[in-house]
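**Q** Here it is, the structure in full.
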Amino acid sequence: MSFSKADNKVARKLFEVALQRELKKEMEVFSEILNQWKKQQPEDNRDDYYKIFTAVTDFDKHIARRYDGLRNSWFLDTVIAMLVDKIITTADLEDFSEEAKSEISRGLKFREENEL
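Here the sequence shown stands for residues 1471 to 1586, numbered as in our numbering.
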């Protein structure tokens, strides 16, 4: 199923909200890594540098996979994935049409039933 034009517009706005939430959450992770480094004051900083580098690189890959080049045909699956990852909640879906909400609910239920 593809969203209607109106639902695509809602989805695009929701993607921006979700992106900002993910950025904020991950910036806190980066900050915690740096705070640990500050507390420990190691003589060799390479391990801590690698931790922050790896965290940033992994997160960048995640963000690129989820949001870059997002096609309208992927919007439904992306919304479902964000719900599964708890980036958004069902309350964030209020602006979607009833048909879109129903499709999201069906997709979410299908995904939950088929998880290994």
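Beta carbons are placed, not taken as given, at the ideal position from N, Cα and C, and that holds for glycine.
What number of angstroms, rounded off, separates the C-alpha of ILE1522 from the C-alpha of GLU1513?
**A** Start at 1 with the first residue of the sequence shown, and residue 1522 comes out as number 52. Start at 1 with the first residue of the sequence shown, and residue 1513 comes out as number 43. If you take the alpha carbons of ILE1522 and GLU1513, they lie about 17 Å apart.
**Q** Let me make sure I understand the geometry here. Which of SER1567, LEU1553 and ASP1565 has the alpha-carbon closest to that of LYS1579?
**A** The sequence position of residue 1579 within the sequence shown is 109, counting from 1. Considering only alpha carbons, the answer is LEU1553.
**Q** Using the C-alpha atoms, what's the distance from SER1472 back to LEU1563?
**A** One-based indexing of the sequence shown puts residue 1563 at position 93. One-based indexing of the sequence shown puts residue 1472 at position 2. Cα-Cα distance, rounded: 16 Å.
**Q** Given ASN1478, which residues of its chain have a CB within under 7 Å of its CB, disregarding the five upstream and five downstream residues?
**A** For the purposes of this step, residue 1478 is taken as residue 8 along the sequence shown, with counting starting at 1. If we look at ASN1478 and ignore the five residues flanking it on each side, its Cβ neighbours are ASN1542 and PHE1545.
**Q** Is DSSP giving ILE1550 helix, strand or coil here?
**A** Reading the sequence shown from its first residue, position 80 is the one you call residue 1550. Reduced to three states, the DSSP call for ILE1550 is helix.
**Q** Candidates ALA1561, ASP1565, ASP1547 and ASP1555: which alpha carbon is nearest ILE1574's?
**A** One-based indexing of the sequence shown puts residue 1574 at position 104. The shortest Cα separation from ILE1574 among ALA1561, ASP1565, ASP1547 and ASP1555 belongs to ASP1547.
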